[in-house]
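Novice:
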Amino acid sequence: MANKVTMQQIADYLNVSKFAVSKALSGKPGVSAETREKIVSVATQLGYFAGQKLKAPSASLSSDKSSERQTRDTVILLVPNVRYQTRDSFFWGKIMDGITMELEEREMGTMMITEQFKNHFSQFINPSSIRGIIGVGLISSQMLLEIRSLGIPFVLVDHEDPLIPSDTLFMNNMECMRRVTNYLIGCGHRKLQFVGNTHYSRSFLDRFLGYSSMLEEHGLVQEQESALLTFEGNNRSEMTEALELIVKKMVQEAVLPTAFICANDSIAICMMTVLAKLNVAVPGECSVVGFDNIEDAAWSKPTLSTVDVQKEAFGRRAVEMLLRRLVHPGSPQEKILLSGDFVMRESTSISMTQS
Numbered sequence: 004m005a006n007k008v009t010m011q012q013i014a015d016y017l018n019v020s021k022f023a024v025s026k027a028l029s030g031k032p033g034v035s036a037e038t039r040e041k042i043v044s045v046a047t048q049l050g051y052f053a054g055q056k057l058k059a060p061s062a063s064l065s066s067d068k069s070s071e072r073q074t075r076d077t078v079i080l081l082v083p084n085v086r087y088q089t090r091d092s093f094f095w096g097k098i099m100d101g102i103t104m105e106l107e108e109r110e111m112g113t114m115m116i117t118e119q120f121k122n123h124f125s126q127f128i129n130p131s132s133i134r135g136i137i138g139v140g141l142i143s144s145q146m147l148l149e150i151r152s153l154g155i156p157f158v159l160v161d162h163e164d165p166l167i168p169s170d171t172l173f174m175n176n177m178e179c180m181r182r183v184t185n186y187l188i189g190c191g192h193r194k195l196q197f198v199g200n201t202h203y204s205r206s207f208l209d210r211f212l213g214y215s216s217m218l219e220e221h222g223l224v225q226e227q228e229s230a231l232l233t234f235e236g237n238n239r240s241e242m243t244e245a246l247e248l249i250v251k252k253m254v255q256e257a258v259l260p261t262a263f264i265c266a267n268d269s270i271a272i273c274m275m276t277v278l279a280k281l282n283v284a285v286p287g288e289c290s291v292v293g294f295d296n297i298e299d300a301a302w303s304k305p306t307l308s309t310v311d312v313q314k315e316a317f318g319r320r321a322v323e324m325l326l327r328r329l330v331h332p333g334s335p336q337e338k339i340l341l342s343g344d345f346v347m348r349e350s351t352s353i354s355m356t357q358s
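So the number in the working numbering is just where the residue sits in the sequence shown, counting from 1, plus 3.
1) Determine the extent of the alpha helix (DSSP H) in which residue 102 is found, giving its start and end residues.
2) Touch check for the segment 272-283 and the segment 207-226: three-plus C-beta pairs under 8 Å?
3) Helix, strand or coil: which one does DSSP assign to residue 297?
4) Quick check on the DSSP output: the alpha helix (DSSP H) that includes residue 230 runs from which residue to which?
5) State buried or exposed for residue 95, treating a residue as buried only when at least 16 other CB atoms are found within 10 Å of its CB.
6) Tell me where the alpha helix (DSSP H) around residue 312 begins and ends.
7) With 16 other CB atoms within 10 Å as the buried threshold, where does residue 130 fall?
8) Within 10 angstroms of its Cβ, does residue 115 collect 16 or more other Cβ (buried), or is it exposed?
9) The ligand SAH and residue 270: does any heavy atom of the ligand fall closer than 7 Å to the residue's C-beta?
10) Note down, in chain order, each residue of its chain lying with its Cβ closer than 6 Å to the Cβ of residue 40, except the 5 sequence neighbours on either side.
11) Beta-carbon within less than 6 Å of residue 232's beta-carbon, same chain only, minus the 5 sequence neighbours each way: which residues are those?
12) Which residues mark the beginning and the end of the beta strand (DSSP E) in which residue 262 is found?
13) What residue range does the alpha helix (DSSP H) around residue 208 cover?
14) Is it a yes or a no for the segment 339-355 touching the segment 189-206, going by three-plus beta-carbon pairs under 8 Å?
15) Per DSSP, what kind of secondary structure is residue 360 in: helix, strand or coil?
16) Determine the closest residue to residue 297 out of 204, 315, 146, with distance taken between C-alpha atoms.
17) May I have the straight-line CA-CA distance separating residue 253 from residue 140, to the nearest angstrom?
18) Measuring CB to CB, does residue 147 end up less than 8 Å from residue 133?
19) Could you check whether residue 329 and residue 135 sit closer than 8 Å to each other, using their CB atoms as the reference points?
20) Just how far apart, CA to CA, sit residue 344 and residue 240?
21) Less than 8 Å between the C-beta atoms of residue 160 and residue 117, yes or no?
22) Around the Cβ of residue 319, are there at least 16 other Cβ atoms within 10 angstroms (buried) or fewer (exposed)?
23) According to the Cβ coordinates, are residue 310 and residue 190 closer than 8 Å?
24) So if DSSP puts residue 135 in a beta bridge, which residue, or which two residues, is it bridged to?
25) Does the Cβ-Cβ distance between residue 299 and residue 272 come in under 8 Å?
26) Based on the DSSP secondary-structure assignment, which residues constitute the bridge partners of residue 338?
27) Taking the alpha-carbon positions, what's the residue 259 to residue 177 distance?
28) Mark residue 262 as exposed unless 16 or more other C-beta atoms lie within 10 angstroms of its C-beta, in which case mark it buried.
29) Under the rule that 16 or more other beta-carbon atoms within 10 Å means buried, what is residue 301, buried or exposed?
30) I need the boundaries of the alpha helix (DSSP H) containing residue 285, first residue and last residue.
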């Protein structure tokens with residue numbers, strides 16, 4: 004068996020101090036972001052994290068209902084400090100509801116923390132009283148490093164860090180989007196465009212890759228409008244404004260597709276708003292598909308075809324993953340993909356213009 008990689012070896016490799024390596028790998032401040040990234044990258048390449056084992060939990064998962072057990076059986080729900088990924092979100096809020104409901108049914112406590120505490124996370128909690136952490140959405144590498152250094156088991160929902168291994172839970176984004184794309188191609192659509200910033204999340208990128216792979220299988224040339232893969236917006240108003248500029252240009256240049264496949268429902272609803280403003284009939288002239296099946300999808304005009312994500316079940320499954328990690332701390336890390344169903348509504352139809 005190979006010897007365990009040490010902090011000193013990482014320090015020698017990068018010609019930095021062992022103190023800097025310690026700071027970087029524990030997620031503590033005191034080193035620059037650039038240096039931290041280099042240290043974590045080298046640590047990963049040398050197998051530093053692979054040589055570490057998470058600490059086994061001190062509390063049992065028995066049916067003991069004492070106050071001591073309830074104190075130990077607290078799970079932190081960690082969410083990014085961003086306004087669109089909150090408890091009020093049609094998507095993220097439902098996932099959080101599923102997590103808290105499952106924990107309540109198992110008589111475990113929940114503490115919700117946002118990433119605004121990332122600079123003093125270890126001082127904010129008592130690690131010995133925390134059973135585990137479930138991170139929902141994009142959690143910074145610095146925060147994950149600090150959590151790992153505390154020896155607290157954690158599961159990530161809809162996010163994975165390329166440098167910090169962990170159990171992760173995703174929708175089967177590629178396969179779901181392949182099925183959607185295949186359906187539209189079967190309806191006669193040959194001019195399609197994907198809509199969503201592929202740098203926003205791993206899920207968005209996987210959905211784009213699923214879409215692209217199905218076009219390739221059908222021998223369709225992908226003439227993707229690059230601006231549709233890079234636009235930004237923190238809310239629907241901003242996204243609608245950004246999309247209008249792009250789509251208006253496409254209409255003027257007569258390159259409008261027969262179908263837009265959107266990375267999520269909010270983007271799809273914004274796209275339908277833009278098309279209505281530009282007098283493009285949905286689905287008569289252009290079909291639109293979303294992803295997530297948020298409540299607004301069933302109330303939009305026209306109603307939105309989308310991929311159904313059972314959001315509360317998603318959250319409950321994350322709890323099950325964490326509990327398995329507590330019972331089997333040394334087992335291989337898992338990446339679980341959940342399936343979703345395609346819900347066909349009024350926003351899609353057979354293409355009348357095949358080419």
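A virtual CB, placed ideally from N, CA and C, is assigned to each residue, including glycine. This structure is a prediction, so every number in the text was calculated from the model and none was measured.
Specialist: On the basis of the supplied data:
1) 95-108
2) no
3) coil
4) That residue, residue 230, is in no alpha helix (DSSP H); it is neither H nor E in DSSP.
5) buried
6) That residue, residue 312, is in no alpha helix (DSSP H); it is neither H nor E in DSSP.
7) exposed
8) exposed
9) As presented, the structure is devoid of all ligands, the ligand SAH included, so that no description of it is given.
10) none
11) 201
12) 262-265
13) 205-220
14) yes
15) Limits of the chain in this structure are 4 at one end and 358 at the other, which puts residue 360 out of reach.
16) 315
17) 33 Å
18) no
19) yes
20) 28 Å
21) no
22) buried
23) no
24) 78
25) yes
26) 171
27) 25 Å
28) buried
29) exposed
30) Run containing residue 285: none; DSSP gives neither H nor E here.
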